[in-house]
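Residue numbers (our numbering): 2 to 57. By construction, the Cβ of each residue, glycine as well, lies at the ideal position given by its N, Cα and C atoms.
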């Protein structure tokens, strides 16, 4: 799961800006570099909203 390899600043931004449509380039790049697609699905947002703090 890419979340585990995502940098802390991007994780915090995503938690503070849940379900935003436009991601900053730095966050997109962080997701891509961590092994994600660079964009987020509804399932990704659900995970960030409900479970992301448990796996950090």
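A Cβ-Cβ distance of about 19 Å is found for the pair residue 47 and residue 31, leaving them out of contact under the 8 Å criterion. DSSP places residue 38 in the coil class of the three-state scheme, outside both helix and strand. Secondary structure at residue 20: coil, using DSSP grouped into helix, strand and coil.
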